[in-house]
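Undergrad: Following the numbering used here, the numbering of the sequence shown begins with 1 at its first residue and continues without gaps.
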Amino acid sequence: MQQRTNIVYLYPKRFAFVGKDIEALSSTFTVLEHRFDRGGKWMLPWSFFIQFLWLLPKRFSRTRDVFVHFAGYHAMVPVLLGFRTHIIVAGSDACSFPAIDYGNFRKPVLSRCIGFAMRGARTILPVHASLSYFSNTYSDLGPTEQGFAHFVRGLRTPVEPIPYGFDSAFWRRDPSVEAHRSGLLCVAAGARYGDPVFFRKGLDLILSVASYLPEVNFTIVGAEDPGTYPKVPNVVVLGRVAPDQLKELLGRCSIYCQVSVMEGFPNALCEAMLMGCLPIVSAVTSMPEIVEGLGKVVHARDAKLLEARILEWMQVSGPVAQDLRDKVRKRIKERYTLNARMRELAALVAQA
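1) Is the segment 139–150 close to the segment 94–102, with three or more CB pairs under 8 Å?
2) Would you mind giving the Cβ-Cβ distance between Val232 and Ala210, rounded to the nearest angstrom? I have them listed as a contact below 8 Å.
3) Quick one: using the 10 Å Cβ neighbour count with 16 as the cut-off for buried, is Gly190 buried or exposed?
4) Between Leu207, Tyr102, Cys277, Cys186, which lies nearest to Ile220 when the distance is taken from Cα to Cα?
5) Which ranges does the alpha helix (DSSP H) cover as unbroken runs of at least 4 residues, wholly within the segment 2–30, from first to last along the chain?
6) Is the segment 83–92 in contact with the segment 58–69, if contact means three or more CB pairs nearer than 8 Å?
7) In whole angstroms, what separates the C-alpha of Gly40 from that of Pro78?
8) Would you call the CB atoms of Tyr336 and Tyr138 closer than 8 Å?
9) Span of the alpha helix (DSSP H) holding Val109?
10) Report yes or no: do the segment 233–253 and the segment 122–132 share at least 3 C-beta pairs separated by less than 8 Å?
11) I want to know whether the segment 253–262 touches the segment 275–282 - three or more CB-CB distances under 8 Å.
12) Would you check if the distance between the CB atom of Arg62 and the CB atom of Asn6 is smaller than 8 Å?
13) Please report the residue range of the beta strand (DSSP E) in which Cys186 lies.
14) Going by DSSP, what residue range makes up the beta strand (DSSP E) through Cys277?
15) For the alpha helix (DSSP H) containing Tyr193, name the first residue and the last one.
16) How big is the Cα-Cα spacing for Asn136 and Ala300?
17) Which runs of the beta strand (DSSP E) spanning at least 3 residues fall entirely within the segment 289–322, listed in chain order?
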(Lines of atoms letter the chains of each structure in order from A and count residues from 1; the text may use other names and numbers.)
(Lines give C-alpha, C1' and ligand atoms only; values in the text may rest on other atoms or scores of the structure.)
Protein backbone atom coordinates (compact mmCIF):
# COMPACT_ATOMS: atom_id res chain seq x y z
CA MET A 1 0.00 0.00 0.00
CA GLN A 2 1.42 3.38 -1.05
CA GLN A 3 2.32 5.67 1.82
CA ARG A 4 0.36 8.92 1.94
CA THR A 5 2.23 12.19 1.57
CA ASN A 6 2.40 14.42 4.63
CA ILE A 7 1.53 18.09 4.32
CA VAL A 8 1.34 20.78 6.99
CA TYR A 9 -1.55 23.24 7.27
CA LEU A 10 -1.10 26.33 9.49
CA TYR A 11 -3.72 28.88 10.49
CA PRO A 12 -4.40 31.53 13.18
CA LYS A 13 -7.98 30.36 13.72
CA ARG A 14 -9.90 27.31 12.46
CA PHE A 15 -12.59 29.11 10.51
CA ALA A 16 -15.18 27.00 8.69
CA PHE A 17 -13.38 27.49 5.36
CA VAL A 18 -10.10 26.39 6.96
CA GLY A 19 -11.74 23.24 8.30
CA LYS A 20 -13.27 22.59 4.89
CA ASP A 21 -9.83 22.74 3.25
CA ILE A 22 -8.29 20.41 5.82
CA GLU A 23 -11.12 17.89 5.58
CA ALA A 24 -10.96 17.82 1.78
CA LEU A 25 -7.16 17.60 1.63
CA SER A 26 -7.27 14.73 4.14
CA SER A 27 -8.86 12.50 1.51
CA THR A 28 -5.54 12.57 -0.38
CA PHE A 29 -2.86 13.54 2.13
CA THR A 30 -1.99 13.13 5.77
CA VAL A 31 -2.66 16.66 6.96
CA LEU A 32 -0.72 17.84 10.02
CA GLU A 33 -2.44 20.97 11.29
CA HIS A 34 -1.27 23.60 13.75
CA ARG A 35 -2.94 26.71 15.10
CA PHE A 36 -0.68 29.69 15.68
CA ASP A 37 -2.27 31.13 18.82
CA ARG A 38 -0.89 34.63 18.87
CA GLY A 39 -2.72 35.97 21.92
CA GLY A 40 -1.43 39.35 23.13
CA LYS A 41 1.89 40.93 22.17
CA TRP A 42 3.62 39.27 25.08
CA MET A 43 2.53 35.88 23.71
CA LEU A 44 4.07 36.33 20.27
CA PRO A 45 7.64 35.11 21.05
CA TRP A 46 6.17 32.08 22.84
CA SER A 47 3.91 31.33 19.87
CA PHE A 48 6.90 31.47 17.52
CA PHE A 49 8.82 29.12 19.81
CA ILE A 50 5.95 26.62 20.02
CA GLN A 51 5.52 26.68 16.25
CA PHE A 52 9.26 26.22 15.70
CA LEU A 53 9.40 23.19 18.01
CA TRP A 54 6.33 21.71 16.32
CA LEU A 55 7.66 22.22 12.77
CA LEU A 56 11.33 21.31 13.29
CA PRO A 57 10.93 17.49 13.43
CA LYS A 58 8.80 17.61 10.31
CA ARG A 59 11.58 19.39 8.45
CA PHE A 60 13.74 16.30 8.89
CA SER A 61 11.02 13.84 7.97
CA ARG A 62 9.44 13.45 4.53
CA THR A 63 7.26 16.57 4.84
CA ARG A 64 8.01 19.18 2.17
CA ASP A 65 4.92 21.33 1.74
CA VAL A 66 3.32 23.77 4.16
CA PHE A 67 0.05 25.55 3.42
CA VAL A 68 -0.44 28.74 5.43
CA HIS A 69 -3.95 30.19 5.52
CA PHE A 70 -3.65 33.97 5.78
CA ALA A 71 -0.35 35.77 5.45
CA GLY A 72 0.76 36.69 8.95
CA TYR A 73 3.32 36.03 11.64
CA HIS A 74 2.63 32.29 11.36
CA ALA A 75 3.99 32.27 7.78
CA MET A 76 7.55 33.19 8.82
CA VAL A 77 8.86 30.07 10.57
CA PRO A 78 8.09 27.59 7.75
CA VAL A 79 9.95 29.88 5.34
CA LEU A 80 12.90 30.15 7.74
CA LEU A 81 13.02 26.36 8.07
CA GLY A 82 13.13 25.89 4.32
CA PHE A 83 9.73 24.30 3.73
CA ARG A 84 8.00 24.74 0.39
CA THR A 85 5.55 27.29 1.74
CA HIS A 86 2.27 28.12 0.00
CA ILE A 87 0.55 31.20 1.44
CA ILE A 88 -3.23 31.39 0.99
CA VAL A 89 -4.20 35.08 0.91
CA ALA A 90 -7.84 35.45 1.93
CA GLY A 91 -8.68 39.11 2.54
CA SER A 92 -7.39 40.78 5.70
CA ASP A 93 -3.86 39.94 4.55
CA ALA A 94 -4.24 42.01 1.37
CA CYS A 95 -5.36 45.37 2.68
CA SER A 96 -5.18 48.26 5.10
CA PHE A 97 -8.32 49.99 6.41
CA PRO A 98 -7.14 51.99 9.44
CA ALA A 99 -10.50 53.68 10.02
CA ILE A 100 -12.07 50.35 10.98
CA ASP A 101 -8.93 48.71 12.47
CA TYR A 102 -8.85 46.13 9.69
CA GLY A 103 -6.11 44.77 7.50
CA ASN A 104 -2.71 43.29 8.29
CA PHE A 105 -0.85 45.93 6.30
CA ARG A 106 -1.94 48.75 8.61
CA LYS A 107 0.60 47.38 11.14
CA PRO A 108 4.23 48.19 10.22
CA VAL A 109 5.91 45.24 12.00
CA LEU A 110 3.37 42.72 10.73
CA SER A 111 3.73 44.19 7.22
CA ARG A 112 7.48 43.56 7.26
CA CYS A 113 6.95 40.01 8.51
CA ILE A 114 4.43 39.33 5.75
CA GLY A 115 6.83 40.75 3.17
CA PHE A 116 9.59 38.44 4.39
CA ALA A 117 7.31 35.39 4.26
CA MET A 118 5.90 36.22 0.83
CA ARG A 119 9.33 36.76 -0.69
CA GLY A 120 10.50 33.40 0.66
CA ALA A 121 7.37 31.43 -0.16
CA ARG A 122 7.11 28.87 -2.96
CA THR A 123 3.76 30.26 -4.13
CA ILE A 124 1.18 32.82 -3.08
CA LEU A 125 -2.39 31.57 -3.47
CA PRO A 126 -4.92 34.41 -3.28
CA VAL A 127 -8.52 33.24 -3.25
CA HIS A 128 -9.14 35.81 -5.99
CA ALA A 129 -6.78 37.55 -8.42
CA SER A 130 -7.89 41.01 -7.23
CA LEU A 131 -6.22 40.48 -3.86
CA SER A 132 -2.85 41.02 -5.56
CA TYR A 133 -3.81 44.59 -6.41
CA PHE A 134 -7.09 46.49 -6.42
CA SER A 135 -8.39 50.03 -6.19
CA ASN A 136 -10.61 50.83 -3.22
CA THR A 137 -13.28 53.06 -4.73
CA TYR A 138 -16.17 51.82 -2.59
CA SER A 139 -15.37 53.58 0.70
CA ASP A 140 -13.14 56.23 2.24
CA LEU A 141 -12.20 53.98 5.16
CA GLY A 142 -8.80 53.11 3.71
CA PRO A 143 -6.36 54.21 1.00
CA THR A 144 -7.24 53.75 -2.66
CA GLU A 145 -4.33 51.46 -3.54
CA GLN A 146 -4.72 48.05 -1.95
CA GLY A 147 -3.57 44.44 -2.43
CA PHE A 148 -0.54 42.53 -1.17
CA ALA A 149 1.48 43.33 -4.32
CA HIS A 150 1.01 47.04 -3.57
CA PHE A 151 2.26 46.69 0.00
CA VAL A 152 5.07 44.18 -0.74
CA ARG A 153 6.94 45.98 -3.48
CA GLY A 154 9.08 44.08 -5.98
CA LEU A 155 7.47 40.73 -5.14
CA ARG A 156 8.63 37.98 -7.53
CA THR A 157 7.06 34.94 -5.90
CA PRO A 158 4.69 33.09 -8.29
CA VAL A 159 1.04 34.00 -7.69
CA GLU A 160 -1.67 31.43 -8.47
CA PRO A 161 -5.25 32.49 -7.65
CA ILE A 162 -7.31 29.52 -6.43
CA PRO A 163 -10.88 30.34 -5.38
CA TYR A 164 -12.69 28.61 -2.56
CA GLY A 165 -14.97 25.73 -3.50
CA PHE A 166 -18.46 24.87 -2.29
CA ASP A 167 -20.56 21.78 -1.65
CA SER A 168 -23.60 22.17 -3.88
CA ALA A 169 -25.02 18.88 -2.59
CA PHE A 170 -25.32 20.32 0.93
CA TRP A 171 -26.44 23.82 -0.09
CA ARG A 172 -29.55 22.61 -1.90
CA ARG A 173 -32.90 24.40 -2.06
CA ASP A 174 -36.09 22.99 -0.56
CA PRO A 175 -38.82 23.12 -3.25
CA SER A 176 -41.54 23.20 -0.58
CA VAL A 177 -40.58 26.73 0.53
CA GLU A 178 -39.57 28.26 -2.82
CA ALA A 179 -42.90 30.00 -3.30
CA HIS A 180 -42.75 31.61 0.15
CA ARG A 181 -39.36 33.34 -0.02
CA SER A 182 -39.26 36.85 1.41
CA GLY A 183 -36.98 39.37 3.04
CA LEU A 184 -33.26 40.03 3.04
CA LEU A 185 -30.47 38.25 4.91
CA CYS A 186 -26.85 39.13 5.70
CA VAL A 187 -24.24 36.94 7.39
CA ALA A 188 -21.85 39.02 9.52
CA ALA A 189 -19.90 36.60 11.68
CA GLY A 190 -18.61 38.12 14.91
CA ALA A 191 -20.08 41.59 14.36
CA ARG A 192 -20.78 43.32 17.66
CA TYR A 193 -22.96 46.43 17.43
CA GLY A 194 -20.76 49.45 16.66
CA ASP A 195 -17.46 47.56 16.48
CA PRO A 196 -15.08 47.47 13.46
CA VAL A 197 -16.60 44.23 12.11
CA PHE A 198 -20.04 45.86 12.25
CA PHE A 199 -18.86 48.66 9.96
CA ARG A 200 -16.71 46.42 7.74
CA LYS A 201 -19.73 44.23 7.00
CA GLY A 202 -21.87 47.28 6.20
CA LEU A 203 -24.40 46.61 8.94
CA ASP A 204 -24.81 50.33 9.59
CA LEU A 205 -26.06 50.69 6.00
CA ILE A 206 -28.37 47.70 6.33
CA LEU A 207 -29.94 49.02 9.54
CA SER A 208 -30.39 52.45 7.94
CA VAL A 209 -32.13 50.94 4.92
CA ALA A 210 -34.32 48.80 7.19
CA SER A 211 -35.73 52.01 8.66
CA TYR A 212 -36.56 53.25 5.14
CA LEU A 213 -38.26 49.98 4.14
CA PRO A 214 -40.45 48.89 7.07
CA GLU A 215 -42.35 46.49 4.79
CA VAL A 216 -39.18 44.39 4.20
CA ASN A 217 -37.95 41.89 6.80
CA PHE A 218 -34.20 41.97 7.43
CA THR A 219 -32.22 39.17 9.12
CA ILE A 220 -28.64 39.50 10.38
CA VAL A 221 -26.92 36.20 11.18
CA GLY A 222 -23.71 35.60 13.14
CA ALA A 223 -23.82 38.70 15.34
CA GLU A 224 -21.90 38.89 18.60
CA ASP A 225 -24.18 39.85 21.51
CA PRO A 226 -27.37 40.21 19.40
CA GLY A 227 -29.16 41.81 22.36
CA THR A 228 -27.00 44.96 22.06
CA TYR A 229 -28.42 45.79 18.62
CA PRO A 230 -31.16 48.43 18.47
CA LYS A 231 -34.69 47.08 18.45
CA VAL A 232 -36.09 47.60 14.96
CA PRO A 233 -39.49 46.02 14.23
CA ASN A 234 -38.51 44.58 10.85
CA VAL A 235 -34.99 43.43 11.82
CA VAL A 236 -34.11 40.09 13.42
CA VAL A 237 -30.56 39.75 14.75
CA LEU A 238 -29.29 36.22 15.38
CA GLY A 239 -26.03 34.94 16.81
CA ARG A 240 -23.98 32.17 15.30
CA VAL A 241 -26.03 29.32 13.84
CA ALA A 242 -25.22 25.78 12.71
CA PRO A 243 -24.85 25.15 8.95
CA ASP A 244 -28.19 23.32 8.82
CA GLN A 245 -29.97 26.29 10.38
CA LEU A 246 -28.21 28.74 8.07
CA LYS A 247 -29.28 26.63 5.10
CA GLU A 248 -32.89 26.82 6.28
CA LEU A 249 -32.69 30.60 6.75
CA LEU A 250 -31.15 31.12 3.32
CA GLY A 251 -33.76 28.89 1.73
CA ARG A 252 -36.54 31.12 3.06
CA CYS A 253 -35.09 34.54 2.24
CA SER A 254 -35.34 36.22 -1.15
CA ILE A 255 -32.31 38.53 -1.19
CA TYR A 256 -28.79 38.07 0.16
CA CYS A 257 -26.84 41.24 0.94
CA GLN A 258 -23.03 41.52 1.27
CA VAL A 259 -22.09 45.20 1.21
CA SER A 260 -18.77 44.86 3.01
CA VAL A 261 -15.96 47.38 2.94
CA MET A 262 -13.57 44.47 2.37
CA GLU A 263 -13.88 40.78 1.57
CA GLY A 264 -11.64 38.20 -0.04
CA PHE A 265 -13.95 35.56 -1.50
CA PRO A 266 -17.00 35.51 0.77
CA ASN A 267 -18.18 31.99 1.50
CA ALA A 268 -21.58 33.10 2.79
CA LEU A 269 -22.33 34.91 -0.48
CA CYS A 270 -21.60 31.80 -2.53
CA GLU A 271 -23.59 29.57 -0.18
CA ALA A 272 -26.52 31.98 -0.41
CA MET A 273 -26.36 31.88 -4.20
CA LEU A 274 -26.36 28.07 -4.12
CA MET A 275 -29.56 28.41 -2.11
CA GLY A 276 -31.05 30.61 -4.83
CA CYS A 277 -30.85 33.97 -3.04
CA LEU A 278 -30.73 37.02 -5.30
CA PRO A 279 -27.43 38.77 -4.46
CA ILE A 280 -26.57 42.37 -3.70
CA VAL A 281 -22.85 43.07 -3.21
CA SER A 282 -20.48 45.99 -2.82
CA ALA A 283 -18.00 46.78 -5.60
CA VAL A 284 -15.14 45.15 -3.70
CA THR A 285 -12.53 42.58 -4.88
CA SER A 286 -14.11 39.28 -6.00
CA MET A 287 -17.76 40.08 -5.44
CA PRO A 288 -18.69 41.86 -8.69
CA GLU A 289 -17.18 38.96 -10.63
CA ILE A 290 -19.00 36.33 -8.55
CA VAL A 291 -22.40 37.92 -9.26
CA GLU A 292 -21.57 39.31 -12.73
CA GLY A 293 -24.68 39.56 -14.89
CA LEU A 294 -26.86 38.00 -12.19
CA GLY A 295 -26.64 40.30 -9.16
CA LYS A 296 -26.86 43.92 -8.11
CA VAL A 297 -23.67 45.85 -7.32
CA VAL A 298 -23.51 48.85 -4.96
CA HIS A 299 -20.66 51.06 -6.18
CA ALA A 300 -20.32 53.39 -3.19
CA ARG A 301 -20.88 53.05 0.55
CA ASP A 302 -24.23 54.84 0.59
CA ALA A 303 -27.50 53.68 2.19
CA LYS A 304 -29.62 55.24 -0.56
CA LEU A 305 -27.74 53.30 -3.24
CA LEU A 306 -28.31 50.08 -1.29
CA GLU A 307 -31.98 50.91 -0.91
CA ALA A 308 -32.27 51.36 -4.67
CA ARG A 309 -30.73 47.94 -5.35
CA ILE A 310 -33.11 46.28 -2.87
CA LEU A 311 -36.12 47.96 -4.48
CA GLU A 312 -34.96 46.74 -7.89
CA TRP A 313 -34.94 43.13 -6.67
CA MET A 314 -38.34 43.56 -5.06
CA GLN A 315 -39.80 44.26 -8.49
CA VAL A 316 -38.72 40.79 -9.68
CA SER A 317 -41.10 37.92 -9.01
CA GLY A 318 -42.75 34.84 -10.49
CA PRO A 319 -41.03 32.89 -13.30
CA VAL A 320 -38.44 35.64 -13.84
CA ALA A 321 -37.29 35.40 -10.21
CA GLN A 322 -37.31 31.60 -10.36
CA ASP A 323 -35.15 31.63 -13.48
CA LEU A 324 -32.67 33.98 -11.80
CA ARG A 325 -32.53 31.78 -8.70
CA ASP A 326 -31.70 28.81 -10.90
CA LYS A 327 -28.97 30.79 -12.65
CA VAL A 328 -27.28 32.11 -9.50
CA ARG A 329 -27.15 28.57 -8.12
CA LYS A 330 -25.73 27.25 -11.39
CA ARG A 331 -23.06 29.99 -11.38
CA ILE A 332 -21.54 28.79 -8.10
CA LYS A 333 -22.13 25.08 -8.74
CA GLU A 334 -20.25 25.17 -12.03
CA ARG A 335 -17.51 27.73 -11.39
CA TYR A 336 -16.48 27.19 -7.79
CA THR A 337 -16.28 23.53 -6.83
CA LEU A 338 -14.36 22.08 -3.92
CA ASN A 339 -12.97 19.36 -6.20
CA ALA A 340 -11.43 21.95 -8.51
CA ARG A 341 -9.78 23.72 -5.56
CA MET A 342 -8.39 20.44 -4.23
CA ARG A 343 -6.98 19.46 -7.63
CA GLU A 344 -5.07 22.72 -7.84
CA LEU A 345 -3.71 22.46 -4.29
CA ALA A 346 -2.72 18.82 -4.86
CA ALA A 347 -0.92 19.78 -8.07
CA LEU A 348 1.32 22.12 -6.07
CA VAL A 349 2.35 19.27 -3.79
CA ALA A 350 3.02 16.99 -6.78
CA GLN A 351 5.47 19.43 -8.36
CA ALA A 352 9.11 18.36 -8.30
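Here a beta-carbon is modelled for each residue, glycine too, at the ideal position from N, C-alpha and C. Predicted, not measured: the structure shown is a model, and the values here were computed from it.
TA: Let me spell this out:
1) yes
2) As a first step, residue 232 is located in the sequence shown; it is residue number 232 there, counting from the start. As a first step, residue 210 is located in the sequence shown; it is residue number 210 there, counting from the start. Rounded to whole angstroms, the Cβ separation of Val232 and Ala210 is 6 Å, and the two are in contact under 8 Å.
3) By one-based count along the sequence shown, residue 190 stands at place 190. The residue in question, Gly190, is exposed, as its Cβ has fewer than 16 Cβ neighbours within 10 Å.
4) The residue you call residue 220 lines up with position 220 of the sequence shown. It is Cys186 whose Cα lies nearest to the Cα of Ile220.
5) 16–25
6) yes
7) Position 40 of the sequence shown, counted from the first residue, corresponds to residue 40. Position 78 of the sequence shown, counted from the first residue, corresponds to residue 78. Between Gly40 and Pro78, the C-alpha separation is close to 22 Å.
8) Taking the sequence shown and counting its residues from 1, one reaches residue 336 at position 336. Taking the sequence shown and counting its residues from 1, one reaches residue 138 at position 138. Their beta carbons are not under 8 Å apart, which means Tyr336 does not touch Tyr138 by this criterion.
9) Position 109 of the sequence shown, counting from 1, holds the residue named residue 109. 108–120 is the span of the alpha helix (DSSP H), which, as asked, contains Val109.
10) no
11) yes
12) The residue given as residue 62 occupies position 62 in the sequence shown. The residue given as residue 6 occupies position 6 in the sequence shown. Arg62 places its beta carbon less than 8 Å from that of Asn6.
13) Numbered from 1 along the sequence shown, position 186 holds the residue referred to as residue 186. For Cys186, the enclosing beta strand (DSSP E) begins and ends at 184–187.
14) Position 277 of the sequence shown, counted from the first residue, corresponds to residue 277. Counting along the chain, Cys277 falls outside any beta strand (DSSP E), and DSSP gives it neither H nor E.
15) Taking the sequence shown and counting its residues from 1, one reaches residue 193 at position 193. Taken as a continuous stretch (DSSP letters only), Tyr193 belongs to no alpha helix (DSSP H), as it is neither H nor E.
16) Numbered from 1 along the sequence shown, position 136 holds the residue referred to as residue 136. Numbered from 1 along the sequence shown, position 300 holds the residue referred to as residue 300. The straight-line gap separating the alpha-carbon atoms of Asn136 and Ala300 is approximately 10 Å.
17) 296–298
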